[in-house]
Ligand SMILES: Nc1ncnc2c1ncn2[C@@H]1O[C@H](COP(=O)(O)OP(=O)(O)O)[C@@H](O)[C@H]1O
Ligand SMILES: [Mg+2]
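Residue numbers (my numbering): 1 to 337.
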């Protein structure tokens, strides 16, 4: 066992998911009417599991993550559904309670590591303060834990690194520091929103491999948000494909990749070069994600879909089980006529 004591020992009951989002809706009121950004989205993440959330830009991935973290910017608001983290409902908490729960139970990793780091303080100080804030550890104990955290995220010479400032780290090393910070309080859930997008291609795989390792070692659940199906294929256990604010397909990653059900998922697969010879439908999907104020009726994907029939513009297909996956397409539900 290489497990290091970097996660606080919180023993969730076996059945308690790290994250349970149920029927989530998020809206943006505006002078010209209310825009529905997230429409009836449900997803679960088990402890020790990575759920990939994938879809083109504008699909609603980041808004979903921000809603879970309680960080939606006004006027955006949750208009329906429930969010539980480690069995505790979080979407109804006051701002004050939420701040506490967010730091302790949830970690966040965003595209740009500099947004999460204070340029004026050493990495060690930032880690120690975060650890102490949520654990009440002594300075010495927190220092030891900070050192163990830097080690666990693969930063060489961690003792020296603790005394350095964020600008003294490379982009990849900085993102490792952010990952250490996200893990500092031993959270049940980490939201990682495009954590490798801003990094050198050569570093990207190292960071996703690190997330996988930490997930396995600590039992934290991870929501890995990305527009890149290749990253999901390499890292996630299960995947949730989003389109225009809804989940259009979800299931175990191998199944969704090798046997995609939804025409949109099939289109996304075409973008993974290494999979081209294994998937039959290879044509890239023309067109782009609709804007919220111009969402097509019925299935929002229908104007771009090669299989669309009259039913597709008339009614929104529900997400139903198709084998071990779930898909929201009339093709699997009696046809598109
Ligand atoms: N503050 C906002 N006001 C209005 N619409 C917004 C706001 N933030 C995001 N949106 C819209 O919500 C949708 C989902 O955005 P987002 O979750 O950021 O997409 P993704 O992360 O999948 O690229 C997009 O159509 C986006 O334009
Ligand atoms: Mg985004």
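Think of the CB as a built atom: it goes at the ideal place given N, C-alpha and C, for glycine as much as any other residue.
Bear in mind that the values here come from a model prediction, so they are computed numbers and not experimental data.
- Taken from the Cβ of residue 62, at least one heavy atom of ligand 2 lies inside 8 Å.
- For residue 299 against residue 317, the beta-carbon gap comes to about 6 Å, under 8 Å, which counts as contact.
- Residue 186 and residue 29 have their C-alpha atoms some 36 Å from each other.
- Ranked by Cα distance from residue 195, the options 189, 202 and 178 are led by 178.
- Per DSSP, the beta-bridge partners of residue 251 are 239.
- Collapsing the DSSP output to three states places residue 244 in coil.
- By the Cβ rule, the stretch 192 to 208 does not count as touching the stretch 139 to 153, because fewer than three pairs are nearer than 8 Å.
- Residue side-chain check: residue 39 keeps its Cβ at 8 Å or more from all non-hydrogen atoms of ligand 2.
- In this structure, the beta-carbon distance from residue 41 to residue 81 falls below 9 Å.
- DSSP places residue 263 in the uninterrupted alpha helix (DSSP H) bounded by 263 to 269.
- Going by beta carbons, residue 106 and residue 247 fall outside the 9 Å limit.
- Between the stretch 215 to 232 and the stretch 53 to 62, the count of C-beta pairs closer than 8 Å reaches three or more; the two stretches touch.
- With 16 or more other CB atoms across the displayed protein chains lying within 10 angstroms of its CB, residue 266 is buried.
- For residue 45, the closest C-alpha among the options 293, 188 and 309 is that of 188.
- Each of 219, 123, 74 and 208 was checked against the Cα of residue 160, and the nearest Cα belongs to 123.
- The three-state secondary structure of residue 44, taken from DSSP, is strand.
- Counting only runs of 3+ residues, the beta strand (DSSP E) found wholly inside the stretch 173 to 207 occupies 189 to 193, in chain order.
- For residue 19, the enclosing beta strand (DSSP E) covers residues 19 to 30.
- If one requires a minimum length of 4 residues, the alpha helix (DSSP H) runs lying completely within the stretch 68 to 144 are 95 to 105 and 123 to 135, in chain order.
- Taking 8 Å as the cut-off, one finds at least one heavy atom of ligand 1 near enough to the beta carbon of residue 30.
- Non-local C-beta neighbours of residue 69 in its own chain, meaning closer than 8 Å and more than five positions away in sequence, comprise 102, 106, 108 and 191, ordered along the chain.
- Following the DSSP letters along the chain, one finds residue 326 in no alpha helix (DSSP H) but inside the beta strand (DSSP E) bounded by residues 325 to 327.
- In the displayed model, residue 216 falls within a helix according to three-state DSSP.
- In this structure, the C-beta of residue 77 stays at least 8 Å away from each heavy atom of ligand 1.
- Residue pairing from DSSP places residue 53 in a beta bridge opposite 225 and 240.
- When 137, 206, 182 and 234 are compared, the shortest CA-CA separation from residue 171 is found for 206.
- Judged by pairs of C-beta atoms under 8 Å, the stretch 290 to 305 touches the stretch 243 to 258, as three or more such pairs exist.
- Under the criterion of beta carbons closer than 8 Å, residue 337 and residue 320 do not qualify as touching, at roughly 18 Å.
- Under the DSSP assignment, residue 313 falls in the alpha helix (DSSP H) whose first and last residues are 310 to 314.
- A contact between stretches requires three or more CB pairs, one per stretch, nearer than 8 Å, and the stretch 205 to 223 fails this requirement with the stretch 25 to 39.
- In this chain, the alpha helix (DSSP H) harbouring residue 158 covers 158 to 161.
- DSSP places residue 319 outside both helix and strand once states are collapsed to three, so it counts as coil.
- In the assembly as shown, residue 34 is an exposed residue. Its beta-carbon has fewer than 16 other beta-carbons within 10 Å.
- Taking the C-beta atoms as reference points, residue 50 is found no nearer than 9 Å to residue 219.
- For residue 174 and residue 73, the gap between their C-alpha atoms comes out near 26 Å.
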